[in-house]
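Have a look at the structure below before the remarks.
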């Protein structure tokens, strides 16, 4: 029975090539939700974030159903990319780190200096600025993850060993979460690798390498398997429903009991526990089965849109963040003296930023294509 399943589902050779729409959806959906996630974080009080729609976007959609999903898919799509050599992957990583620094200048340095010039409020704009500009975020982590993967591929480390290494990293990162290295400079630098904090809770160590590397490496290993799947429906049906149940049960108990990544404070998620990483991977594999199933019934226009966003994920991420910071931290705060809004108004602002981001992305790419044609 088991032999027949493997014979009917897998091929010894690569047979599943081309764009994988479930991976496109897995990257696109979380990114499309980010304007809502980040506007809610900026415009709602801490008390509001503990329940209802704000909690859903902040701690669930913006938590285990966001970054882990597109980081896993990022690792998987390496096998489907034209840039799959160790050198090419490492260059992609360095490029992402460069984008991360550029984004921090555009979403923090310039807007906060403008905000300070308008309001003179140094506590809001100047005090947190060094931590925000040099702090670790998902683009830095994604870049570092690409470099680590490139190194492991270059050294021809087997995939099981990659998983074992990153499991050790994850456990180590779990034990080191909440470390104070004794100075802000060391905490900022160390925050790229482990979950650092300081007494004032100012350190931005959102995706430390040790805690998070296991997610894209799991995705990379999954991508290798997926390329050898000749019957994707049977493949996903064999595990996706069960893993969705496992993840859902954990989510219910985690949310109600404030366990692990659903605990108090944002670092409960950003300084990811090892067991939470496993649950995130279970949820991802379950959702990919759902995305594969719906891809057979969704109109081609929608599927093409998901593929477009998936190919433009870095640009979308950068553009939306600049709009979020400018509108909430500068314009709204300067006009009203506060960036807090009712939930319904926050949702409207979020939707407006989503539309603005898509329009800006499309216009930017059109202009870029036109410029290339004229060169």
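Numbering (my numbering), first residue to last: 3 to 377. Backbone N, C-alpha and C define an ideal beta-carbon position, used for all residues, glycine too.
| Asked | Found |
| --- | --- |
| Check residue 8 in the structure and name its three-state DSSP category. | helix |
| Here's a check: name, in chain order, each residue in its chain whose Cβ is nearer than 6 angstroms to the Cβ of residue 108, leaving out the five neighbours to either side. | 324 |
| Applying the criterion that 16 or more other CB atoms from any shown protein chain within 10 Å of the CB defines a buried residue, is residue 168 buried or exposed? | buried |
| Report the CB separation of residue 368 from residue 13 in whole angstroms; it is logged as a contact under 8 angstroms. | Not really, about 40 angstroms apart at Cβ, beyond 8 angstroms. |
| Drop a sphere of 10 angstroms on the beta-carbon of residue 156, count the other beta-carbons inside from all chains shown, and report buried for 16 or more, exposed for fewer. | exposed |
| Which of helix, strand or coil does DSSP assign to residue 348? | helix |
| Among 29, 257, 321, whose alpha-carbon lies nearest the alpha-carbon of residue 382? | Here the chain covers residues 3 to 377 and nothing more, so residue 382 does not appear. |
| Hey, could you find the ends of the alpha helix (DSSP H) residue 326 is sitting in? | 315-326 |
| Measure the CB-CB distance between residue 145 and residue 102 and report whether it falls below 8 angstroms. | yes |
| Only counting runs of 4 or more residues, tell me where the alpha helix (DSSP H) segments fall wholly within the region 254-321, in order along the chain. | 269-272, 276-297, 302-313 |
| In the structure shown, what three-state DSSP assignment does residue 207 receive? | strand |
| Tell me whether the beta-carbon of residue 110 lies closer than 8 angstroms to the beta-carbon of residue 128. | no |
| Does the distance from the C-beta atom of residue 322 to that of residue 36 stay below 8 angstroms? | yes |
| Check the C-beta distance from residue 171 over to residue 215 and give it rounded, since I have them as a contact under 8 angstroms. | 5 angstroms |
| Leaving out five residues before and five after residue 165 in sequence, what residues of the same chain have Cβ atoms less than 8 angstroms from its Cβ? | 216, 219, 220, 223 |
| What are the start and end residues of the alpha helix (DSSP H) that includes residue 90? | 88-106 |
| Is residue 129 helix, strand or coil when you go by DSSP? | coil |
| So residue 288 and residue 249 are supposed to be a Cβ contact under 8 angstroms. How far apart are they, rounded? | 6 angstroms |
| What is the C-beta distance between residue 193 and residue 138, in whole angstroms, given that I count them as a contact (C-beta under 8 angstroms)? | 5 angstroms |
| Tell me which same chain residues have a C-beta within less than 8 angstroms of the C-beta of residue 226, skipping the five on either side of it? | 81, 161 |
| Would you check if the distance between the CB atom of residue 26 and the CB atom of residue 308 is smaller than 8 angstroms? | yes |
| Looking only at its chain, what residues have a beta carbon closer than 8 angstroms to the beta carbon of residue 366, apart from the 5 residues adjacent to it on each side? | 317, 321 |
| How many Å lie between residue 119 and residue 68 at the Cα? | 35 angstroms |
| Return the first residue and the last residue of the alpha helix (DSSP H) that residue 74 is part of. | 69-78 |
| How far does the alpha helix (DSSP H) with residue 2 in it extend, from its first residue to its last? | Here the chain covers residues 3 to 377 and nothing more, so residue 2 does not appear. |
| Touch check for the region 35-53 and the region 339-347: three-plus C-beta pairs under 8 angstroms? | yes |
| Is residue 144 near the ligand GDP - that is, is its Cβ less than 7 angstroms away from at least one heavy atom of it? | Of ligands this structure carries none, so the ligand GDP is not represented either. |
| Determine the extent of the alpha helix (DSSP H) in which residue 41 is found, giving its start and end residues. | 23-45 |
| On the DSSP letters alone, give me the boundaries of the alpha helix (DSSP H) that residue 158 sits inside. | Careful: residue 158 lies outside any alpha helix (DSSP H) and carries neither H nor E. |
| Which residues does DSSP list as the beta-bridge partners of residue 231? | 12 |
| Check whether the region 239-246 and the region 285-302 touch, using three or more Cβ-Cβ pairs below 8 angstroms as the test. | yes |
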